[in-house]
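Before any comments, here is the structure.
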Amino acid sequence: MIRRLLYLNTHRLSAYTWRQGRLQAEASFDGNDEGLRLFGEYLAEHPRSHYSLLVNVAEEGHVVETIPFLQGKDRQTLLTRKIGQHFLGSPLSCATSLGYEKTQRKNEKVLLSALTNPAHLEPWLQRIERAAVPLAGIYTVAQFGGLLLKKLGLTAPRCLMLSMQDHSIRESYVVNGQAQFSRMAPLADSSIAGVASTFAAESGKLYQYLIGQRLIGRDESLPVFIIAHPASLPSIEKACPDRGSLSFSFIDNRVAADKLNLHSLPDDNRCDPLFLHLLATDPPRQQYAGEAHRHHYHQSLLRRGLVTAGLVTLMASAIFSARELYVACDLRSEAAALSANEKDLSQRYRSISATFPQLGIDNETLRRLTGHHAELLRHQRQPGPILTDISKVLDKMPAVVLDEIDWKNGQNFRLTVGGHTEPPETAIIRGTIRLERASPRQILGTYDELIDALRTLPGVTVTALQRPVDIESNAPLRGGDGQEDESRPRRFAVEIARSRKP
Amino acid sequence: MKLTQNDLRRLGLPVLIMALLMAIGAWLAWQTRQGAEQATRELQSATDAHHRAELRLRQVRTEEQEIKDRSSLLQRMQRDGIAGEEKRLDWVELLRDIQRELRIPGMKYEFGTQAAIAGSNGWYTSPLRIQFRLLHEGDLLRALERIERQAKALVVVRNCKLSVLPASTNDGANLSGQLAADCEMEWLTVRLPETKS
Numbered sequence: 000m001i002r003r004l005l006y007l008n009t010h011r012l013s014a015y016t017w018r019q020g021r022l023q024a025e026a027s028f029d030g031n032d033e034g035l036r037l038f039g040e041y042l043a044e045h046p047r048s049h050y051s052l053l054v055n056v057a058e059e060g061h062v063v064e065t066i067p068f069l070q071g072k073d074r075q076t077l078l079t080r081k082i083g084q085h086f087l088g089s090p091l092s093c094a095t096s097l098g099y100e101k102t103q104r105k106n107e108k109v110l111l112s113a114l115t116n117p118a119h120l121e122p123w124l125q126r127i128e129r130a131a132v133p134l135a136g137i138y139t140v141a142q143f144g145g146l147l148l149k150k151l152g153l154t155a156p157r158c159l160m161l162s163m164q165d166h167s168i169r170e171s172y173v174v175n176g177q178a179q180f181s182r183m184a185p186l187a188d189s190s191i192a193g194v195a196s197t198f199a200a201e202s203g204k205l206y207q208y209l210i211g212q213r214l215i216g217r218d219e220s221l222p223v224f225i226i227a228h229p230a231s232l233p234s235i236e237k238a239c240p241d242r243g244s245l246s247f248s249f250i251d252n253r254v255a256a257d258k259l260n261l262h263s264l265p266d267d268n269r270c271d272p273l274f275l276h277l278l279a280t281d282p283p284r285q286q287y288a289g290e291a292h293r294h295h296y297h298q299s300l301l302r303r304g305l306v307t308a309g310l311v312t313l314m315a316s317a318i319f320s321a322r323e324l325y326v327a328c329d330l331r332s333e334a335a336a337l338s339a340n341e342k343d344l345s346q347r348y349r350s351i352s353a354t355f356p357q358l359g360i361d362n363e364t365l366r367r368l369t370g371h372h373a374e375l376l377r378h379q380r381q382p383g384p385i386l387t388d389i390s391k392v393l394d395k396m397p398a399v400v401l402d403e404i405d406w407k408n409g410q411n412f413r414l415t416v417g418g419h420t421e422p423p424e425t426a427i428i429r430g431t432i433r434l435e436r437a438s439p440r441q442i443l444g445t446y447d448e449l450i451d452a453l454r455t456l457p458g459v460t461v462t463a464l465q466r467p468v469d470i471e472s473n474a475p476l477r478g479g480d481g482q483e484d485e486s487r488p489r490r491f492a493v494e495i496a497r498s499r500k501p
Numbered sequence: 000m001k002l003t004q005n006d007l008r009r010l011g012l013p014v015l016i017m018a019l020l021m022a023i024g025a026w027l028a029w030q031t032r033q034g035a036e037q038a039t040r041e042l043q044s045a046t047d048a049h050h051r052a053e054l055r056l057r058q059v060r061t062e063e064q065e066i067k068d069r070s071s072l073l074q075r076m077q078r079d080g081i082a083g084e085e086k087r088l089d090w091v092e093l094l095r096d097i098q099r100e101l102r103i104p105g106m107k108y109e110f111g112t113q114a115a116i117a118g119s120n121g122w123y124t125s126p127l128r129i130q131f132r133l134l135h136e137g138d139l140l141r142a143l144e145r146i147e148r149q150a151k152a153l154v155v156v157r158n159c160k161l162s163v164l165p166a167s168t169n170d171g172a173n174l175s176g177q178l179a180a181d182c183e184m185e186w187l188t189v190r191l192p193e194t195k196s
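One line per chain: the protein sequences are A and B, in this order. The opening position of the first sequence corresponds to residue 0 in numbering that gives the first Met the number 0, with each subsequent residue numbered one higher. The opening position of the second sequence corresponds to residue 0 in numbering that gives the first Met the number 0, with each subsequent residue numbered one higher.
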């Protein structure tokens, strides 16, 4: 979007485009009906440009007021009333705060400024309104005097600033960079000598006026800055020697343009290109247009803001997305590296596994099945060893007649896995002691021999379950005479237990 | 700034453009976020798989000899008929061969129904009750030893009762044996799972 600058003087309005420090005149319109019609057409051709209007007219007023410490609506109401009092209710006005007094009341000093002949601007503003183009603001040349000096590095608490525009001299009294008084003097003679003498005369007149208004002291020295084309400067310097309290400084307007990065250098004494450039690059916060004149400008800002918000969101989203894509890419490459490594490990695992017998089961199952096999194997036991041992003992004792051997491998519970103890084996021997005409003592003696012989077997525990003659105190003992008692078979039972395989 | 109907109409297009740009931005951000989350899941999955593979390899290296030994054992179990389905026909033939070869005068047996061994996860037992009439106790020991050695199962003898037959029985028929034996044992087999490693 191209920014367009409008410059209005007493006779005509000129339109400029500003692009990267280059100011280019586009059109000029006289202040008659034809000029206004052409201006309307010009605006219609460029409906999307943002316009700023710089005014250089004589009807301009400045008043410094002191108002109580107020804020918000109250302050605005008071300022409107003050402007109405001083400038007859001109709609083209502005108020600039000059700071607060350092007293307890904190009164505020305000510079009230207004274009006192709004009728001169009205036809132009009507065309702008009718074309519905955005008007950023209305500014005066006086607003840029202090700014120009500041940009050029020429600072003074109070000074006079004189420049030439069109066929007039603009003279401003600048305090702390803010023009507190400004007026336009017509230029009767446009020759270099005429311009020089006008600068000299006008600076003296303005000085006297300021003394008269008590804006400066009678003997107060005041720097005067005159800006002009280098071709005119020698004559101006000659016409304006330091005198009394005025000390003159001269500014080459081409050097100034260069310092401001204005690529379109002025060709004569006129300084309006410098002020238009400042208007494009650094417009003052205060301007003269009312809300009604800037309606389309605000609307344009709103439209642009909406689109910008969308673009910012899209941009933020794009940045976020780029980051997420980067993260995802990073994670995927890491995952790919891990997968490749995992494949390598699996390949090595397969290589090692290939050396194992192929059984079709996994290692954990293999471990479990074979582990249970070992546990079950511990239960395996043959009765042969213990029966052989018993047989050897009985071979030496012919009086002992064997009836039965009941061998058990552990308890008769169901077989399980997971136990860590080896079950003991037991053998219950049932038999009879047969001795001819033997007394109970002899029979018991033989029985005791048997028990002793069994106890010599390795790792066994022998328990007497039934003695051949029951002589225990807790049981009845019967007997008699004759052969019947002696020939009765003497049965016994002995249990042998062995906890480990021999 | 007060907006009129005309102003609102003129703001329609910018609002639409803003909404469109925001929607594109939101869609873009959502898509890429989804992609990043998917990538995170893929990485987690790859990390887990890598960890498992690493663990498996480390385990197989340290237990290489053990696994080989266990594999050999299992192969031996398969060869001996312990691993796999029961071979009851082979069992019956084995018992008949033992009786014939040891000349055991009498033999009766009964295999019970197969049941899983509690907590073994694959091992099964078939109980056997076998009764002999013997001429000599050595025949019992030889028979039991051959069963344990030759049966296509892991055989655990649980109990055996060896008794001398009453004299009246012996007098009549010496050939039918002097001793009686009544034994119980368990014939164990294991079924291999069908899953591949």
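Virtual Cβ for every residue (Gly too), placed ideally from N, Cα, C. As the structure is a computational prediction, the values presented were derived from the model and not from experiment.
Taking each of A:Glu471, A:Leu453, A:Ala474 in turn and checking the Cα distance to Arg497 of chain A, the smallest one comes out for A:Leu453.
Taking 7 Å as the cut-off, the Cβ atoms of Gly145 of chain A and Ile16 of chain B do not count as close. When CB distances to chain B are screened at a threshold of 9 Å, the residues of the region 391 to 403 of chain A falling below it are Val400, Leu401, Asp402, Glu403, in chain order. Counting along the chain, Thr188 of chain B sits inside the beta strand (DSSP E) bounded by residues 178 to 189. Among the bridge pairs identified by DSSP, Asp29 of chain A is matched with A:Arg11. When DSSP reads this structure, Asn408 of chain A sits in a beta bridge with A:Glu424.
In the DSSP secondary-structure assignment, His61 of chain A is bridged to A:Ser112. Against chain A, the beta carbon of Arg55 of chain B has neighbours under 7 Å at Tyr348, listed in chain order.
Close partners of Gly34 of chain B in chain A (Cβ separation under 8 Å): Glu323, Leu324, Ala327.
Between the region 322 to 329 of chain A and the region 34 to 44 of chain B there are three or more inter-stretch CB-CB distances shorter than 8 Å, so the stretches are counted as touching. Check the Cα spacing between Ala135 of chain A and each of A:Gln286, A:Pro222, A:Arg349, A:Leu148: the tightest is with A:Gln286. A Cβ-Cβ distance of about 14 Å is found for the pair Leu393 of chain A and Ile427 of chain A, leaving them out of contact under the 8 Å criterion. The C-alpha of Phe68 of chain A lies about 42 Å from the C-alpha of Ser13 of chain A. The C-alpha of Ala179 of chain B lies about 11 Å from the C-alpha of Asp402 of chain A. Interface flag for Asn340 of chain A against chain B is set, since a Cβ pair is found closer than 7 Å. Listed along chain A, the residues sitting closer than 8 Å to Val59 of chain B by beta-carbon distance are Tyr348, Ile351, Ser352, Asn362.
Contact holds between the region 212 to 231 of chain A and the region 248 to 256 of chain A, because three or more Cβ pairs, one in each stretch, are under 8 Å apart. Contact between Glu109 of chain B and Arg128 of chain B holds, with the beta-carbon distance rounding to 5 Å and staying under 8 Å.
At a cut-off of 7 Å between C-beta atoms, Phe355 of chain A counts as an interface residue with respect to chain B.
The beta-carbon distance between Cys239 of chain A and Phe198 of chain A, rounded to whole angstroms, is 6 Å. This is short enough to meet the 8 Å contact definition. Listed as beta-bridge partners of Tyr123 of chain B by DSSP are B:Ala115, B:Thr188.
Taking the beta carbon of Met76 of chain B as reference, the chain A residues within 7 Å of it are His372, listed in sequence order. Under the DSSP definition of a beta bridge, Tyr108 of chain B partners with B:Ile129.
Comparing alpha-carbon positions, the option among A:Ala474, A:Ala398, A:Pro423, A:Gly458 lying closest to Asp447 of chain A turns out to be A:Ala398.
For Phe319 of chain A, a Cβ of chain B is located within less than 7 Å of the residue's own Cβ. Shown here for Leu87 of chain A: same chain residues with a beta carbon closer than 8 Å to its own, the five before and five after excluded, namely Thr115 in chain order. Between Gln441 of chain A and Leu434 of chain A, the gap from beta carbon to beta carbon is short of 7 Å.
Between Leu101 of chain B and chain A, the shortest Cβ-Cβ separation is not below 7 Å.
Taking C-alpha positions only, Ala113 of chain A is separated from Gln30 of chain B by approximately 57 Å. For chain A, the residues of the region 120 to 143 of chain B that bring a beta carbon within less than 7 Å of one of its beta carbons are Asn120, Gly121, Trp122, Thr124, Glu136, Leu140, Leu143, in chain order.
Note on geometry: alpha-carbon atoms of Leu42 of chain B and Glu84 of chain B lie some 45 Å from one another.
In this structure, the alpha-carbon of Leu91 of chain A lies about 44 Å from that of Ser316 of chain A. Interface annotation, Leu368 of chain A: in contact with chain B, CB-CB separation under 7 Å. Our two residues, Leu22 of chain A and Arg36 of chain A, have alpha carbons roughly 24 Å apart in a direct line. Within a 10 Å sphere around the beta-carbon of His276 of chain A sit 16 or more other beta-carbons, which makes this residue buried. In chain order, Ser234 place their CB closer than 7 Å to the CB of Ala192 of chain A, counting only its own chain and leaving out the 5 sequence neighbours on each side.
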